[in-house]
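Let me begin by presenting the structure, written as C-alpha cells, before commenting on it.
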Amino acid sequence: MKSSAWSFGGVAIFIFVATIVYWFLSHEIVGTVALIMALLMCVMIWGYLLITLKSIGTPLEDDVDATIEDGAGVIGFFPPSSIWPFWCSLAAGVFVLGPVYGWWLSILGAAVGLWALFGWIYQYYVGDYKH
C-alpha cells in the first residue's frame, strides 16, 4: 500500500508540473481544467491511501519479514454461481443501444437493469442460498 500511495503521489506531482507548463504554453482553459481535475483525483487517492496506511499500520505486503501464512484466513465470501451479472450486463448493453435505435430502448434497459441490480443485491435473501 505504501508503494501505491507514493505512486499516486508521483503521478500527482507530474500532473501538477504538466498543468503549469500546459497553461503557460497554450493558455487554453479546457485542457488546463481537465489537468487540474486529474490532479485533484490523484491527490484524493494519494491522501486516502496515506490516511489508510497510517490508520491500519504496515500491511503485510509492505512487511519484509511477512510470510504467506501471515495472510491466511477468510478473505471474503464469493458466490458459487449467479445469473444476475449476466442480466446486469445485458441490461447495460440494451441501455447503451438506446440512443442509437431509439430512446424507448434505453428506458427498457434501465427498467431491466434496476430489476437485475436488485436481484443481484438481494440474491442471498431468497431461494437456495438464503441466509
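Sequential numbering of the sequence shown, starting at 1, is according to the working numbering.
Just so it is clear, CB atoms sit at the ideal spot from N, CA and C, and this is done for glycine as well.
Span of the alpha helix (DSSP H) around residue i
i      : result
Met37  : Ile29 to Ile56
Phe24  : Lys2 to Ser26
Ile68  : From DSSP, Ile68 is part of no alpha helix (DSSP H); its letter is neither H nor E.
Ala72  : Segment: none, Ala72 is in no alpha helix (DSSP H) and carries neither H nor E.
Val126 : Where Val126 is concerned, there is no enclosing alpha helix (DSSP H), given that its DSSP letter is neither H nor E.
Ser178 : Given that the chain is displayed from residue 1 to residue 131, the structure contains no residue 178 and the question cannot be resolved.
Gly113 : Trp103 to Ile121
Option nearest residue i by Cα separation, candidates the options
i      : options                        : result
Leu49  : Ser3, Phe78, Phe16 and His27   : Ser3
Gly71  : Ile20, Pro59, Ala12 and Pro80  : Pro59
Phe78  : Phe24, Met1 and Gln123         : Gln123
Trp115 : Pro99, Trp104, Ser81 and Leu90 : Leu90
Phe16  : Ile56, Met37 and Val96         : Met37
Phe8   : Gly47, Val30 and Ile29         : Gly47
Ile56  : Leu108, Lys130 and Met1        : Met1
Gly109 : Val96, Tyr101 and Gly119       : Val96
Leu105 : Val112, Gly113 and Val94       : Val94
Trp87  : Val30, Gly113 and Ala5         : Gly113
Pro85  : Lys130, Phe118 and Ile45       : Phe118
Val11  : Val43, Leu25 and Glu28         : Val43
Gly127 : Val100, Ala92 and Ser82        : Ser82
Cβ distance (whole Å) where residue i is taken to contact residue j below 8 angstroms
i     : j     : result
Leu40 : Thr19 : Their Cβ separation, rounded to whole angstroms, is 11 angstroms, which puts Leu40 and Thr19 out of contact at 8 angstroms.
Ala5  : Leu53 : 6 angstroms
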